[in-house]
Each structure stands twice: as C-alpha cells, then as structure tokens.
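J.: Residue numbers (the numbering used here): 31 to 311.
We treat Cβ as the ideally placed atom computed from N, Cα and C, and that holds for glycine.
Model, not experiment: these values are computed from the prediction.
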C-alpha cells in the first residue's frame with residue numbers, strides 16, 4: 031500500500047518530496063513554503079492508529095492535507111451521518127488550528143457515490159484541510175458527472191497564493207533581532223541531509239541561473255551584490271527550516287564572554303562583508 035502523486039510538467043513551482051514517517055502519507059513541497067500532504071486512511075485502520083497517523087504528520091505553516099480519510103463528519107460538512115473517526119479528526123483539527131475546507135467551499139457535495147441494490151449511496155469522505163489562515167479566491171470543484179472507474183469523485187482545489195517574504199540578513203542585523211539558530215547536528219542523518227540538499231537546490235535554482243548569466247555575460251555596471259547575498263541566505267535559511275528545524279538560543283550563562291562591544295563588531299562585519307565583495311568585482 032502506498033500513496034502517489036502526479037505533478038503537471040506545467041507546474042510553475044519546483045516540487046520536492048519531504049519525508050513523512052508514515053506509509054499512509056506522501057509529503058510534497060511546492061516552491062519555498064507551500065507544503066502538500068497526500069493522505070489515505072484505509073477503512074480497516076483502527077481508530078487508535080488513525081489518531082497516531084494524524085499526530086505523526088509534520089505540520090508547518092502553509093500546509094494543505096488532502097485525500098481519502100474515510101471519515102464521515104455529518105452535519106459539519108453536510109453529510110448524512112458520522113462515524114467513529116469523526117471525533118478524532120475534529121479534535122485533531124481543533125488542536126492544530128486546521129480548517130476543513132469542505133465545510134465552507136463544498137458543503138453537502140458528496141465525494142463518494144455508488145449503487146447498492148437499486149439505491150444510490152453517497153457520502154463525504156475526501157477532504158481538503160489546511161492551516162493557512164486565509165485562502166484567497168478559493169474554490170473546490172467535485173466532478174460528479176465524470177467517470178474515472180472509481181466510486182470516489184475527482185476533486186480539485188483552486189486558490190491564490192502569495193509566497194511569504196523572507197527578510198534579508200542585513201535588515202535583521204540592523205533591527206537587532208536575535209540570531210537564528212538551527213539543529214545543525216541533524217545534518218549527520220542521511221535522510222535529513224538529503225532533504226536539506228534537495229530543498230536548497232530547489233530554492234536556489236533561480237539564483238544559480240542568474241549567477242551563471244552574470245558570469246557568462248558580465249554587465250557593464252556592478253551587479254546587485256546585496257540582493258544576491260540576501261537571496262542566497264534566504265534559500266539556506268528556508269532549507270534549514272524545512273529540514274533540521276530551528277532551535278532556541280542557549281541560556282545566558284553560555285555567553286558570558288560575549289559583550290556589547292563584540293556584538294557591535296560582529297554587526298559591523300556583517301555590514302561590511304557584502305560591500306567588500308562588491309568592491310572586488
């Protein structure tokens with residue numbers, strides 16, 4: 031048993047797989063920040079294991095969960111009844127701030143249609159769920175009249191998405207923000223290291239093309255070093271966030287040697303570094 035996904039060659043965003051420690055789910059990252067978790071929960075799966083699967087899903091900002099969950103939520107989504115999984119899914123969504131989009135975008139529209147005897151049986155068991163606070167211009171369509179050799183109907187979700195802006199390192203230093211830290215020791219883990227490399231390659235692809243073009247056809251004016259440096263740092267930081275994860279700073283007693291004078295010198299170094307590089311070009 032497994033989950034697969036088809037990616038259109040016309041997809042404008044780079045798509046990379048990220049590890050999900052569950053055989054019932056497939057994780058895909060689109061671009062720098064949007065994540066998609068394709069999930070299938072077999073009807074034979076015990077309720078306790080359903081809870082375990084849901085708890086194992088890695089939820090970060092801007093995550094969409096979609097798939098056949100075999101959960102019936104009754105009046106919440108306009109279905110005729112509930113089942114034992116209903117309370118598990120609803121409690122999990124409430125605990126993690128997740129919104130079931132069927133409730134507002136496809137209320138009462140069945141996603142499963144079959145015939146038993148001479149009667150048509152319908153239910154809502156396929157869902158789109160997200161933690162995105164506002165999905166602009168969103169809509170769900172269910173192809174009830176399209177036959178694909180399955181009792182489950184084709185569903186599609188459309189929405190507008192704006193990629194979050196990552197602040198440059200220069201602005202972060204000047205504003206006095208706390209230094210960012212990551213669990214870098216996790217890079218020793220093969221799967222985590224592989225995820226970091228693939229994510230960084232995806233996020234820095236456009237920057238690499240730009241640098242190669244600058245090298246092959248040097249411009250007559252100085253290239254935007256600060257901007258290029260900010261893009262590189264943003265790709266590194268985002269790749270670290272998605273792979274090893276960030277961590278908090280150590281207690282103050284770990285930094286007794288660090289003084290305000292040293293911090294001022296470090297800030298000065300960070301300010302001078304890109305400008306020195308610009309002078310060398």
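1) Whole angstroms is fine: what's the gap from residue 56's alpha carbon to residue 240's?
2) Could you say which of 51, 54, 60 lies nearest to residue 38 if we only look at CA atoms?
3) Using 8 Å for Cβ pairs, my map puts residue 58 next to residue 35. What's the rounded Cβ distance?
4) To the nearest angstrom, how far is the alpha carbon of residue 67 from that of residue 119?
5) Per the contact definition of three or more C-beta pairs closer than 8 Å, is the region 178-193 in contact with the region 213-228?
6) When the Cα of residue 252 is compared with those of 305, 213, 222, 129, which residue comes out closest?
7) Only counting the same chain, and skipping five residues up and downstream in sequence, which positions put a Cβ closer than 8 Å to that of residue 237?
8) Under a three-way DSSP split, which group does residue 219 fall into?
9) Beta-carbon separation of residue 100 and residue 73 under 8 Å?
10) Between 81, 250, 234, 42, which lies nearest to residue 121 when the distance is taken from Cα to Cα?
11) For the beta strand (DSSP E) containing residue 96, list its first residue and its last residue.
12) Taking the alpha carbon of residue 49 as the point to measure from, which residue in 42, 89, 40 has its own alpha carbon closest?
13) Give me the Cα-Cα distance between residue 65 and residue 157, rounded to the nearest whole angstrom.
14) Spatial neighbours of residue 184 within its chain, please: C-beta separation below 8 Å, excluding the five flanking residues on both sides.
15) Suppose the cutoff is 6 Å on Cβ atoms and the five residues either side in sequence are ignored; what does the same chain contact list for residue 94 look like?
16) Would residue 51 be called buried (16 or more neighbouring beta carbons within 10 Å of its own) or exposed?
17) To which residues of the same chain is residue 83 closer than 6 Å at the C-beta, ignoring the five residues directly before and after it?
18) Consult DSSP for residue 35 and reduce its assignment to one of helix, strand or coil.
19) Which parts of the region 116-196 are runs of the alpha helix (DSSP H), unbroken and 4 residues or longer, counting only runs that do not cross its ends?
20) To the nearest angstrom, how far is the alpha carbon of residue 201 from that of residue 297?
21) CB-CB under 6 Å to residue 128, same chain, minus the five flanking residues each way: which ones, in chain order?
22) Between the alpha carbons of residue 293 and residue 299, how many angstroms are there, rounded?
23) Can you give the Cα-Cα distance for residue 41 and residue 148, rounded to whole angstroms?
24) Exposed or buried, what is residue 269 when buried is set at 16 or more other beta-carbons lying within 10 Å of its beta-carbon?
25) Taking residue 103 as the reference, which of 87, 132, 125 has the closest Cα?
26) Kindly identify the DSSP beta-bridge partner or partners of residue 67.
27) So the candidates are 134, 32, 152; which of them puts its Cα closest to the Cα of residue 169?
T.: Working from what's here:
1) 32 Å
2) 60
3) 6 Å
4) 15 Å
5) no
6) 305
7) 258, 261, 262, 265
8) coil
9) yes
10) 81
11) 93-98
12) 89
13) 16 Å
14) 172, 173, 176, 178
15) 66, 160
16) exposed
17) 52, 54
18) coil
19) 132-135
20) Note that residue 201 scores a pLDDT of 45, beneath 50, so its modelled location is shaky and nothing firm can be said.
21) 159, 161
22) 10 Å
23) 42 Å
24) buried
25) 132
26) 57, 95
27) 134
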